[in-house]
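Taking the working numbering, the leading residue of the sequence shown gets 4, the next gets one more, and so forth. C-beta: ideal position from N, C-alpha, C; glycine also. Note sheet for the following structure.
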Amino acid sequence: MLQTKTIRDVEVAGKIVLVRTDYNVPLAEDPETEVMHMTSDLRVRESLPTLQYLLEHHAAKVILISHLGRPKGQKDPKLSLRLVAEKLAELLPGVPISFVDEISGPEVEQAVEDLPEGGVLLLENLRFSPAEEENSEEYAKRIVDSTHAELFVQDGFAVVHRAHASTSAITRLLPSVAGLLLEKEVSGLAKVLDQPKRPFVVIIGGVKVSDKEPLIERFLPLADQIIVGGKIAADGYQTSNPKIYVAEDFDENEAGDKLDVGPVATSKIVSAVKDAKTVLWNGVLGKVEDPTYATSSTILAKILGENHGITSVICGGDTAGFVENLRTENPELSYTLISTGGGAALELLSGKTLPGIDGLEIL
C-alpha cells in the first residue's frame, strides 16, 4: 500500500497546486490535414478525480504539467499538449481551462495571474527542454517560481520510475504528496502482491524477455500459475518449472512468423483464467495491431471483462491500450484495475524503488 501522504492528508484550500499528470496520450496524424489527434483519452480521464477533488476542496488554482512523446529536448508542434487542454475542457464543463505554450517564464506567470479562482492551467510539454530528463533542479525551480505553486501533487503513475525534474527534483522544492490516481494504482498493484484471492494466475506476454524475466521471477513464489505468451513465447522462451505454462502453438503468417498464440494454447489459457479468482495480465498475446492476430488477446480480455468474480489487473501500455479500445466497442466490459503505467507498474511489481514516490511526504 502507498505509505505517503495524499491530497486527502493536507490542506489544499486557497493554495496554488502544481500537479504532475501523465498526459502522454497515444496520437495519430490525419494524413490529409497533418493534424494530430489522440486515439485514447484514458490517461486524461484517469486524471479527473484528483482535479475534481482539488477544485471541490477549494484549491485556488490548479497548474498541470506533463510530457508528451519524445521530442528530444526540442519544441515540436506535433507534440504540443494543447490538444489535451481541449479535451480537458470537454471533460470538465464549467471549469475554466487554460493553456500556455511555455513551461516557465513571464508568459507562464501572466497565465497564472490571469487564471480565475477555481481554474485549471496546463503548461506546455515538459520534454521540450532537455532539462526535464536531466532531473535539473534549476529547471524545476523555474517552474515553481513561475507558477507560484505552494503544493506539489504527483499523480503521473506512469512516470514515477523516472528520476526527472518533474518527478524527483521538484519534490525537494515543495511539500509533495500523492494524487488519487497514484494512490489507486499503487494500492491496486500492492493488493495483488500482498493478498491475492486464489487461484492467482499471472499472464505474461509482450516482446522483450529481458523486461519480463524479473516479473516472472517475482511472481513465481506468489502465483498459482504463470502463463507465458506473446513474442517471448514465440521466440522460444523455455523453462522447466511446472508452475509456468509457455504457449505451445501459434498462428503464423505466410512467411512463417508466429504472430499469435494458437488454438491449443488459447484453450489452455481460457481454462486457467475461468477457474481463477485473481488475474494479473501484462503484455498482449499476439500482434494485436493486426486484427487477424488479436484473437487470443481478445478472447482473454472478454473473459476477464465479463466475469466480475475475477479480480483483474491489466498493466503495461500496449495491454491497457488494447483493452481500452475493446471497451469502446464493448462498454459493458469492466476490470478491477487498468493501470496507466507500463514501466512503472513493472518496476513496482518487480520490487524496485520508484524515484517519483520516494520524494513524497511519508504518512
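Cβ shell of residue i (< 8 Å), same chain only, five flanking positions each side left out
i, result
"arginine 221", "Leu352, Ser353 and Gly354"
"glycine 108", "Arg145 and Ser149"
"isoleucine 365", "Gln6, Thr7 and Lys8"
"glutamate 141", "Ala134"
"valine 273", "Ile302, Leu303 and Ile306"
"leucine 192", "Val316, Cys318, Leu340, Ser342, Ala348, Leu351 and Leu352"
"lysine 367", "Within the shown structure, residues of the chain are numbered from 4 to 366, placing residue 367 beyond reach of any answer."
"leucine 329", "Thr301, Ala304, Lys305, Gly308 and Leu336"
"lysine 246", "Leu223, Ala226, Asp227, Gln228 and Ile229"
"leucine 176", "Glu140, Ala143, Lys144, Val147 and Phe155"
"leucine 51", "Leu94 and Leu95"
"serine 101", "Ala88, Ala114, Asp117, Leu118, Gly122, Val123, Leu124 and Leu125"
Cβ neighbour criterion (16 or more within 10 Å) applied to residue i
i, result
"aspartate 278", "exposed"
"aspartate 197", "exposed"
"valine 267", "exposed"
"alanine 16", "exposed"
"alanine 250", "buried"
"arginine 201", "exposed"
"histidine 167", "buried"
"lysine 187", "buried"
"threonine 356", "exposed"
"aspartate 25", "buried"
"glycine 259", "exposed"
"histidine 164", "buried"
"asparagine 27", "buried"
"threonine 242", "exposed"
"threonine 322", "buried"
"alanine 453", "This structure leaves residue 453 out entirely; the chain is present only between 4 and 366."
"threonine 36", "exposed"
"valine 38", "exposed"
"threonine 331", "exposed"
"glutamate 136", "buried"
Own chain, CB closer than 7 Å to residue i, minus 5 neighbours either side, in chain order
i, result
"asparagine 128", "His70, Leu71, Pro74, Leu82, Ser83 and Leu84"
"proline 29", "Met41, Thr42, Ser43 and Gly324"
"isoleucine 106", "Leu126, Glu127, Leu129, Phe131, Ser132 and Ile146"
"glycine 265", "Asp252, Phe253 and Asp254"
"glutamate 110", "Val103"
"glutamate 87", "Glutamate is not the amino acid found at residue 87; the sequence shown has valine there. Same-chain partners within the cutoff: Tyr26, Val28, Val47 and Leu125."
"lysine 215", "Ile207, Gly209, Ile235 and Gly286"
"glycine 346", "His164"
"glutamate 327", "Ser43, Leu45 and Ile341"
"leucine 288", "Gly208, Gly232, Gly233, Asp263, Val264, Ser299, Ser300 and Leu303"
"glutamate 60", "According to the sequence as given, residue 60 is histidine; it is not glutamate. For histidine 60, where only same-chain residues beyond five positions count, the Cβ hits under 7 Å are Val15 and Ala16."
"asparagine 256", "Leu262"
Distance between beta carbons of residue j and residue i, contact taken as under 8 Å
i, j, result
"isoleucine 19", "threonine 53", "With a Cβ gap of about 15 Å, isoleucine 19 and threonine 53 do not count as contacting."
"isoleucine 230", "alanine 275", "6 Å"
"leucine 283", "valine 212", "Between valine 212 and leucine 283 the Cβ distance is about 18 Å, and since that is not below 8 Å, they are no contact."
"serine 315", "tyrosine 296", "At roughly 22 Å, the Cβ-Cβ gap does not stay under 8 Å, so serine 315 and tyrosine 296 are not in contact."
"leucine 185", "glutamine 157", "6 Å"
"isoleucine 68", "serine 169", "6 Å"
"lysine 290", "leucine 336", "Not confirmed; about 21 Å, so no contact."
"glycine 232", "serine 299", "7 Å"
"valine 180", "leucine 363", "6 Å"
"leucine 58", "valine 98", "7 Å"
"glutamate 120", "lysine 64", "7 Å"
"phenylalanine 160", "glycine 344", "4 Å"
"lysine 271", "tyrosine 248", "6 Å"
DSSP bridge partner residues for residue i (one or two, in chain order)
i, result
"alanine 172", "Answer is none; alanine 172 lacks a bridge partner."
"leucine 30", "Met41"
"arginine 23", "Ile68 and Gln157"
"serine 101", "Leu124"
"glutamine 228", "Val204"
"isoleucine 106", "According to DSSP, which records beta bridges pairwise, isoleucine 106 is partnered with nothing at all."
"isoleucine 365", "Thr7"
Residues near residue i in its chain [Cβ-Cβ closer than 6 Å; skip 5 each side]
i, result
"alanine 226", "Phe203 and Val205"
"histidine 151", "Ile19"
"leucine 91", "Ile100"
"isoleucine 360", "Val163"
"valine 13", "Val180"
"isoleucine 173", "Ala143 and Phe155"
"alanine 237", "Phe253 and Lys261"
"proline 34", "none"
Chain B contact for residue i (CB, 7 Å cutoff)
i, result
"proline 245", "Note that chain B does not occur in the displayed structure, where there is just one protein chain."
Near the ligand FMN: residue i beta-carbon under 6 Å from a heavy atom
i, result
"histidine 151", "Summarising the ligand content, the structure contains no ligands, and the ligand FMN is consequently not present."
request  = Please specify which runs of the beta strand (DSSP E), each continuous and at least 3 residues long, are wholly inside the stretch 110-149, giving them in chain order.
outcome  = Runs found: 122-126.
task = Only counting runs of 4 or more residues, tell me where the alpha helix (DSSP H) segments fall wholly within the stretch 174-199, in order along the chain.
result = 183-197
request  = Go through the stretch 230-282 residue by residue and report every complete run of the alpha helix (DSSP H) that reaches 4 residues or more, in order.
outcome  = 233-237 and 266-277
request  = Let me know the alpha helix (DSSP H) ranges lying completely inside the stretch 275-342, each 4 residues or longer, listed in chain order.
outcome  = Listed in chain order, they are 298-309 and 320-332.
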